[in-house]
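First comes the structure, then the notes that go with it.
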Amino acid sequence: MKANEKARFDVLLEWAQQHGAELHPSLEIYCDDVTKFSLRVKQSHNDGLEGGFRAVSCPVSTTLSYLNALVDGPIDPASPQPQTGAADGAFPSRFLQANPPHVIGRFFLIKEYLKGKDSFWWPYITTLPQPEHLDAWALPAFWPDDDIAYLEGTNAHVAIQEIQANVKREFKHAHKLLKEENFPNYQDYTQMLYKWAFSIFTSRSFRPSLILSTPSQQYITGLLPADTKLDDFSILQPLLDIANHSMTARYAWDTTPTSPPACRLVCRDPYAPGEQVYNNYGTKTNSELLLAYGFLLPATPDLHNDYVHVRKRQTQTHDEDDDDDTTKPKDFLISLRPLRHGSSLAGRARLSSTGGGPPSRLAGLPCFAHFEPALVDDLAQAVAAGLQERHREALERWNSFDAGREVDLTNSVRPPPGGEVAEVVERVRGVLGGKLEGDLERLMACICNSFTMRSDNYLALFLGLFPLTALAALNGHCSGTATGVYKSQGICVSTSTCSQYGGSTINGGCPNDGANVKCCVMYQCYGDESMCQWTNTACDGPFRSGQYTSKH
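So in this note's numbering, spot 541 of the sequence shown is number 1714, and the numbers just go up one at a time.
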């Protein structure tokens, strides 16, 4: 860590501790080459730390959120209940009433940033990525257009467009109100600062109901306007938010009432000297991590995090910060590896959080192993409803045959060929296959366009390979490699399939047009076809001519 960086974090630690925060004496703040500012066990702590230690705590009095805009300063649940009138707020009453809490919270962060050293939170704000250093904080929604173009055809690109539209609309409305109210220095509240505040809250904040004790929640509920709920906004936690994400980290956010009221990160894993200490942001997919935090988790034999999110066709009316399940469109997951594979942590968490229980007999068929069972069952019901009554009755009878028992995903009894259930299965496969083939075609077209600008970008291609795995499961496994037919992510792909994207095949595996491979990255599968991996052994540049093979 550079000397000036260390000085800023030393000031943050001193300020936080003065207000009741704690950092475990065996931990230190350091700068990691990959994760940047992080927490780790001191090298001098020879014995390491056993699981169950309190890594760091953040008192409520140092948090920053919409709540502070209501009182224009720190809040302290241990103090008498403050009055919440318009005169006490950080912004004019009209502004506070006409904007949602998450927008007000972002404007309050901007206000404190503009106050500089006069801000109570200045020791914290100086350790955040600064607005002028765009590359340090910009989430994908605020990347340059040329970089966003690489995500065309993916879930992330659709979400980026929604975020951009929301941010533009929110800022325009809020800034107009400040101007009309002749708020001091309203012109300093720029759209760039709003994007910065959006990124800070999105990537670092916590849900109040998860990090506040019951007494603190009761205190804070007393501050809120009548039409505002506790989780309508999020909270920044200085010092505690330094801990980075590990999807496999075992942890707890301890909110047991203490004095002062605080949230404590309890690490249940042991850590060795010099090892980074992690928080856990939850079982978010790579698509969600990319949008909210700007990073992806690479696949390992024990963990993969690559999923496609599929939504039903319906009008989305909710705000991006709205977690109300009654208004949020239902989305389903399609997984790169089988959804119930041991490494599919996000997929398995989704299964346990959507009502639990085994999948239906139909959803448990091997051809649907990469699809969230709720998606398969939802489609099956819709398909059956569009057929005859006998199809619905046959599907119900067949699904109820082993109701309440775990479905064997590898040896599920297939429906009788030619019957009503088999017809439903084939139609569901057709719907899913058509969806994936359409997505893949659009994605590949976007990839080809991207490669004309820059040939060393992997991101869009990897995001686009997901449909191939799911298609492989839908169509059955490839057996052997025939002349002119190759395996890509477990699906049989012919030379004609490659050539329609401008590629040919060489060395029995790598499609090539003489310069850049435009499609169909090929390699041989081994064992479980969903576990295929690849290496390039003779390429002079990413996706240029060379041999792609499986690696064990």
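Note that CB positions come from ideal geometry on N, CA and C, so glycine has one too.
What's the gap between the Cα of E1562 and the Cα of L1605?
Looking at the two C-alpha atoms, the distance is approximately 23 Å.
In this structure, does DSSP put H1275 in helix, strand or coil?
The answer is helix: DSSP assigns H1275 an H, G or I state.
Can you look up E1201 in the DSSP assignment and give me helix, strand or coil?
E1201: strand per DSSP, three-state reduction.
Return the first residue and the last residue of the beta strand (DSSP E) that P1452 is part of.
Note that residue 1452 corresponds to Asn in the displayed sequence, not to Pro. Residues Q1449 to N1452.
Buried or exposed, going by whether 16 or more other CB atoms sit within 10 Å of the CB of R1377?
So R1377 counts as buried.
In chain order, what residues of the same chain have a beta carbon less than 6 Å from the beta carbon of L1287, not counting five sequence neighbours either side?
Excluding sequence neighbours, L1287 sits near D1361.
Would you grab the beta carbon distance between P1443 and H1218 for me? Rounded to a whole angstrom, and I think it's under 8 Å.
Rounded, the Cβ-Cβ distance is 12 Å, inconsistent with contact.
Check for me: the beta strand (DSSP E) holding R1484 runs from which residue to which?
Y1480 to R1484 is the extent of the beta strand (DSSP E) around R1484.
Where does E1223 fall in DSSP's three states?
Note: E1223 maps to coil in three-state DSSP.
Is the distance from the Cβ of V1233 to the Cβ of L1438 below 8 Å?
Contact: no.
Measure the alpha-carbon distance for G1592 versus T1458 and round it to whole angstroms.
About 38 Å.
With a threshold of 7 Å on Cβ separation, who are the neighbours of R1600 within its own chain once the five nearest residues in sequence on each side are excluded?
Taken in chain order, the residues that qualify are V1556.
Using the rule of at least 16 other Cβ atoms within 10 Å of the residue's Cβ for burial, across every protein chain shown, is A1176 buried or exposed?
Label assigned to A1176: exposed.
If N1339 and H1482 are in contact, beta carbons under 8 Å, what's the gap, nearest whole angstrom?
Rounded, the Cβ-Cβ distance is 18 Å, inconsistent with contact.
Hey, does S1238 have any beta-carbon neighbour from chain D nearer than 8 Å?
Checking the listed chains, one finds no chain D in this structure; it contains a single protein chain.
Could you tell me how far apart the beta carbons of L1476 and L1469 are, in whole angstroms, since I believe they sit closer than 8 Å?
With a Cβ gap of about 12 Å, L1476 and L1469 do not count as contacting.
With H, G and I counted as helix, E and B as strand and the rest as coil, what does DSSP make of C1693?
Bear in mind that the predicted position of C1693 carries a pLDDT of just 35, short of 50, making it unreliable; the figure below should be weighed with that in mind. In this structure, C1693 counts as coil in the three-state DSSP scheme.
Which stretch, first to last residue, makes up the beta strand (DSSP E) that contains R1213?
Looking at the DSSP string, the run of the beta strand (DSSP E) that includes R1213 is K1209 to V1214.
If you reduce the DSSP assignment to three classes, tell me which class I1393 lands in.
Correct three-state label for I1393: helix.
Can you check whether the CB of R1227 is closer than 8 Å to the CB of F1371?
No; because the gap between Cβ atoms is not below 8 Å, this pair is not in contact.
On the criterion of 16 or more Cβ atoms from any shown chain inside 10 Å, does A1180 qualify as buried, or is it exposed?
Burial call: exposed.
Taking G1455 as the reference, which of N1417, G1246 and P1433 has the closest Cα?
Nearest option by C-alpha distance: N1417.
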